[in-house]
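A quick write-up on the structure given underneath.
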Amino acid sequence: MIEVVNISKKYGTKQALADMSVDIKAGEVVGLLGLNGAGKSTAMNIMTGYIRPDSGYVKIGGYDVAKDPLKAKKKLGYLPEQFFFYNDMKVEEYLSFICDIKKIKQGRKQHIDDMCERVGISHIRSRMIRNLSKGYRQRVGFVQALLGNPEVVILDEPTVGLDPSQIVDIRALIKNVGEKRTVVISSHILSEVQLICSRVVLLNNGRIIADDTPDNLRRSMSKPNKVVALIEGDSGKVKQALGDKSIFKGVTLLGQKEQGAYEYIIEGEEDSDIRRQLFQVLANAGLPALSINSGEFTLEDFFLKHVDIGGKENGAPAGEETADAINT
């Protein structure tokens, strides 16, 4: 549905994108992630036809965005991060205006009715846009992106500036839209991408450095030398039993999870598999292991491991900044 082939873009001497290629199929919900300057915004602007690449091309539904812009954009709905309205218009006037721009004539009123009902703004249609909250403005922007029933919807930071309840609502809308359309979404909240997206494309310095499902990316970080174990028995006895530093390099008590049972993070040497030894040591000490699981890693862990932060090389310490605080 979206075919991006070898697109490159320079701003002066700055290489924003370098031979980026990605194929997004119909029905996929894809998260596009990257730090400031990674090339994410440039990629989205090229996909929507807002700017042209120096080389390469983008096709939407088989139509080249540069050569056949009207046909390509007819298949596309777009909600930019900074969305501007005519504040002196009523919501229904604004949506009718968008229909004029998109040349939607037949069944216009019913179409607007259906979209407003779907996004939950039917009751504010007669209100002036200037009087709407940030959450409702975002919903109106969502409706304008859906008018004309585009096959592809591109959303740039759709939950930025919303309160927690509004974020939950917008996430639900995105999931609903993704059931029938191809969706590309950018977000600096990695947990959000994990919840919404079926696939993640991670950009760094204008290049794709990861392209997979959130689960696969997380599994690629999992290692048997770090486990989370629920162990029944006195915590002092557990730490004493696991005192062999040649096997267990670190034992961290997380807290009591059940009556008489505590959860621990237990680490061994890099690239070692401590699960069998851990089970045997606990059995010999008469300490039942109620569960032993490989360490659970998040998309944030993957992000921090593979992306330059603060100008540091991959794998270098990232300092105090966390991935959820990073703007894309």
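In my numbering, the protein residues as written are 1 to 328. Backbone N, C-alpha and C fix where the C-beta goes; we use that ideal spot for every residue, glycine too.
Hey, would you say Ala261 sits closer than 8 Å to Leu242, going by beta carbons? no
To the nearest whole angstrom, what separates the beta carbons of Thr182 and Met1, a pair I think is in contact under 8 Å? 4 Å
For Ile154 and Cys99, what's the separation of their Cα atoms in angstroms? 18 Å
According to the neighbour-count rule (16 or more other Cβ atoms, all chains shown, within 10 Å of its Cβ), is Leu203 buried or exposed? buried
Is Arg127 near Val91, with beta carbons less than 8 Å apart? yes
In terms of residue numbering, what span does the beta strand (DSSP E) encompassing Gly27 cover? Element bounds for Gly27: n/a, residue is neither H nor E.
I need the boundaries of the alpha helix (DSSP H) containing Lys134, first residue and last residue. 134-146
Take Gly250 and list the residues in its own chain whose beta-carbon comes closer than 6 Å to its own, dropping the five residues that flank it on each side. Glu267
Could you tell me whether the stretch 50-62 touches the stretch 1-17, using the rule of 3 or more Cβ pairs below 8 Å? yes
For Tyr11, does the count of other Cβ atoms within 10 angstroms reach 16, so buried, or fall short, so exposed? exposed
3-residue-minimum beta strand (DSSP E) runs that sit fully inside the stretch 64-125, ordered along the chain: 76-79
Between which two residues does the alpha helix (DSSP H) containing Asn45 stretch? 40-47
Identify the continuous beta strand (DSSP E) that holds Asp169 and give its terminal residues. Segment 164-178 is the alpha helix (DSSP H) holding Asp169; no beta strand (DSSP E) there.
What three-state label does DSSP hand Leu287 in the structure shown? coil
Alpha carbons only, please: which of Gly39, Gly148, Ile129 is nearest the one belonging to Met20? Gly39
Let me confirm a value: Thr42 is counted as buried when at least 16 other C-beta atoms fall within 10 Å, else exposed. Which label applies? buried
Find the nearest neighbour of Gly161 within the set His188, Glu258, Phe279, Val228, judged by alpha-carbon distance. His188
Would DSSP call Asn327 helix, strand or coil? Note on Asn327: pLDDT 37, under 50, position unreliable in the model; the coordinate value appears next. Here Asn327 sits in coil by DSSP.
Let me check understanding here. Comparing Cα to Cα, which of Ser191, Gly27, Phe248, Gly141 lies closest to Ile274? Phe248
Per-residue DSSP class, three states only, for Arg52: coil
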